[in-house]
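Residue 170 in the numbering used here sits at position 170 of the sequence shown; the count goes up by one each step and never skips.
Idealized CB from N, CA, C, for every residue including glycine.
Reading through the structure tokens given below for one structure.
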Amino acid sequence: MFSLDSLRELFRHMEWADAQVWDATAPLSAAPFDERLRGLLLHVHVAQRAFLHVWTGERVAFPDAAEFPTPASLRAWAEPYYRELDRFLDTLDGARLSEPIVMPWVKHFERRLGRDFQTPTLAETMFQLTSHSTYHRGQANTRLRELGATPPLVDYIAWVWLGRPARHDSGVSAVDPIAGLGAE
């Protein structure tokens, strides 16, 4: 269902979109790190690392939010992930994408929902991670708006329209994705 090329593209978009959100937090850097925004951004990036560590067989560790008192400190921890992900993707072939992956936290969710789950493939967990990141980036954008910042346009289609730019090469400044909709 998912080719390695399509998953690479989704991860390229994820990296670009994450960078846009980080750039939008820059004006907030002088103030104390908003707890809600920090929690959302930490959750996104902890999940990204956790999934990668499951895929590579590394121990999954969950840092404490207090380790990141500023947006810059969290960003500095989060950004090396993409190079680690690239190195992992370079080791894959199509056959590996169909291997089953058991996430360490699946038993927790099975107990909560009272049923056994099907085991996803590596490719399905990779797609899940990009979807999960998109969902929580949307929440972070809502919080940015509440804090008076302009949330960035991070939709996949916007990334395509812009020519699939690399992470900081969007060619646009912050654009409120909601302002003016329906006015044309």
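By the Cβ criterion, the segment 145-164 is not in contact with the segment 76-90, since fewer than three pairs of Cβ atoms, one from each stretch, lie closer than 8 Å.
According to DSSP, P100 shares a beta bridge with T121. With a contact defined as Cβ atoms closer than 8 Å, F51 and T125 qualify at about 6 Å. Taking each of S6, M103 and E35 in turn and checking the Cα distance to E58, the smallest one comes out for M103. From the listed residues T91, V46 and A72, the smallest Cα separation to R8 is found for T91. By the criterion of a C-beta distance shorter than 7 Å, P69 is surrounded in its chain by F33, once the five residues flanking it on both sides are discounted. If you look at D18, you'll find it in the alpha helix (DSSP H) that goes L4 to T25.
Shown here, E84 sits in a helix according to DSSP, grouped into three states. Judged by DSSP in its simplified three-state form, A149 adopts coil rather than helix or strand.
For H108, the number of other beta carbons within 10 angstroms of its own is below 16, and it is reported as exposed. Around the CB of P151, 16 or more other CB atoms lie within 10 Å, so the residue is classed as buried. In the three-state DSSP reduction, A50 falls in the helix class (H, G or I).
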